[in-house]
């Protein structure tokens with residue numbers, strides 16, 4: 151997984167909790183979805199989108215429609231990880247975030263998470279808002 | 151912790167998942183709150199209260215206001231546990247469920263979970279509904 | 151996702167907990183990995199492999215190396231789901247379980263989870279044991 | 151809950167994740183045990199005890215034997231909380247951490263978490279190490 155040239159990359163630190171591990175002594179595979187979600191929220195904040203306000207003010211929500219994760223090496227309790235996240239694709243139908251989870255320079259996990267946009271309370275699929283689509287084109291000066 | 155005479159007791163089976171454990175090779179202490187919640191929902195179902203409908207139709211909700219848990223012995227991956235739950239106290243202000251979590255005849259954990267009742271969407275504390283208070287008096291024939 | 155002809159299918163019931171949901175009022179996307187894991191353990195038990203004993207006696211473990219999940223419709227609190235799981239592929243290098251998660255006849259989620267086999271405590275990748283590979287060939291009479 | 155005079159207090163920031171919430175639109179009550187655990191690990195780090203190394207090098211572990219939590223106000227998605235944690239009591243038999251979880255100056259949750267000390271792999275209860283007991287007496291200069 152190579153980070154494409156010119157994209158905005160959020161690098162979010164995560165400390166692995168004891169609760170994140172399992173009896174195999176490593177981070178449980180479901181836990182990475184927590185780290186990835188957290189990194190998407192920070193990505194959006196860094197690009198000017200407050201996701202809480204997005205949901206509340208616009209009655210929109212962006213649920214996950216597909217997740218693909220490859221586990222290469224396991225994270226351990228108390229590791230300080232960096233989740234690097236960028237937008238791989240965005241259009242009216244969907245938004246795909248790609249991520250690499252690192253321990254120092256070691257790439258532990260890669261992920262592709264695809265979201266759609268729905269309107270509450272009917273839960274109807276709607277077009278991605280322009281403000282989200284605009285995130286796909288690196289703004290001048292970023 | 152003794153189960154009081156004459157109370158209704160729900161006995162709910164729970165299989166311990168791999169995800170429920172931590173690197174200490176035992177069930178993580180937060181996981182028991184999952185098992186306890188699950189047992190309260192089943193308790194209510196057995197007594198005629200469908201908690202999903204309770205929330206949806208009455209716009210009420212019963213959040214936890216206090217939790218007290220004593221961990222005596224640890225559950226392990228794949229254990230088949232029984233969560234025994236009963237009402238220890240209920241009045242207009244609060245509802246307290248007590249529970250014992252067993253592996254066979256061995257008591258692993260005891261808990262006291264106290265709930266109040268709130269009305270959505272304002273999140274205002276309201277009186278426990280009569281239907282809930284009535285659960286405190288063992289109905290004839292139960 | 152079609153279930154291939156002739157494969158062994160485990161159908162595991164799962165009740166959705168309150169804790170499994172998120173503020174979007176639906177089951178959180180990470181929760182499905184819990185349900186899928188649980189169904190794999192039951193699949194193995196039904197086929198004669200006690201996964202707890204597998205780990206303890208053989209010092210082997212089968213961590214997830216890849217997960218792919220497609221979310222079509224959301225499960226809700228208190229839904230009674232069925233997780234249907236079968237082996238899509240197994241060889242010396244890996245074991246892939248495919249699953250469909252259903253609410254009644256409605257298919258909510260599909261998943262492909264790939265495991266490898268490692269030996270503890272060195273965490274070295276080893277060949278899948280013969281007993282696991284044998285699960286790929288439907289035994290006569292099953 | 152008042153913070154006693156003269157004790158060392160760790161103040162650990164926590165950002166509430168989407169996964170931490172439930173369909174009641176608030177942080178699920180079990181999630182606070184995650185935040186509390188995280189704050190205890192940071193408390194120990196600040197006082198010179200690396201808990202990962204503690205477990206690995208000394209074959210010791212400090213499981214939770216009792217948890218008591220009072221939920222006063224609910225945290226919400228994306229809140230930036232502060233978990234203040236201090237040692238309320240420590241002796242050869244047990245270590246009790248008390249905590250207050252704040253959103254700004256508002257106290258949302260209070261907790262008392264009691265740990266004991268066990269030796270692996272036999273899981274036998276042993277005396278708290280001197281290094282832990284010493285944390286109870288505020289060192290000169292701290």
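Protein chains in written order, with the working numbering: chain A, 151 to 292; chain B, 151 to 292; chain C, 151 to 292; chain D, 151 to 292. Here a beta-carbon is modelled for each residue, glycine too, at the ideal position from N, C-alpha and C.
Quickly, what does DSSP pair residue i with across the bridge? List them, please.
i, result
"residue 257 of chain D", "D:252"
"residue 245 of chain A", "A:240 and A:265"
"residue 177 of chain C", "C:171"
Can you tell me whether residue i is helix, strand or coil according to DSSP?
i, result
"residue 262 of chain B", "strand"
"residue 161 of chain C", "strand"
"residue 283 of chain C", "helix"
"residue 153 of chain A", "coil"
"residue 274 of chain A", "strand"
"residue 191 of chain A", "helix"
"residue 166 of chain A", "coil"
"residue 185 of chain A", "helix"
Where does residue i land, buried or exposed, given buried means 16+ other C-beta within 10 angstroms?
i, result
"residue 245 of chain A", "buried"
"residue 254 of chain B", "exposed"
"residue 190 of chain B", "buried"
"residue 209 of chain D", "exposed"
"residue 187 of chain C", "buried"
"residue 203 of chain A", "exposed"
"residue 173 of chain C", "buried"
"residue 152 of chain D", "exposed"
"residue 275 of chain D", "exposed"
"residue 298 of chain D", "The first residue shown for chain D is 151 and the last is 292, placing residue 298 of chain D beyond what the model contains."
"residue 230 of chain A", "exposed"
"residue 200 of chain D", "exposed"
"residue 242 of chain B", "exposed"
"residue 156 of chain C", "exposed"
"residue 192 of chain B", "buried"
"residue 198 of chain A", "exposed"
"residue 211 of chain B", "buried"
"residue 277 of chain C", "exposed"
"residue 261 of chain C", "buried"
"residue 223 of chain A", "exposed"
"residue 281 of chain C", "exposed"
"residue 287 of chain D", "exposed"
Is any heavy atom of the ligand SAH found at a distance shorter than 7 Å from the C-beta of residue i?
i, result
"residue 163 of chain A", "Inclusion of the ligand SAH in the displayed structure is not the case, the ligand content being empty and no account of it being possible."
So within the region 194-239 of chain B, which uninterrupted alpha helix (DSSP H) runs reach at least 4 residues, ignoring any that extend past its ends? 201-208
Residues within the region 167-195 of chain D neighbouring chain A, beta-carbon criterion of under 8 Å: 167, 168, 169, 183, 184, 187, 188 and 191
Residues from the region 233-248 of chain C in contact with chain B, defined by Cβ distance under 7 Å: none
Could you list the residues in the region 207-228 of chain C with a C-beta less than 9 Å from some C-beta on chain A, going in chain order? 211, 213, 214, 215, 216, 217, 218, 219, 220, 221, 222 and 224
Quick one, which residues of the region 267-278 of chain B are near chain C if we go by CB-CB under 7 Å, in chain order? none
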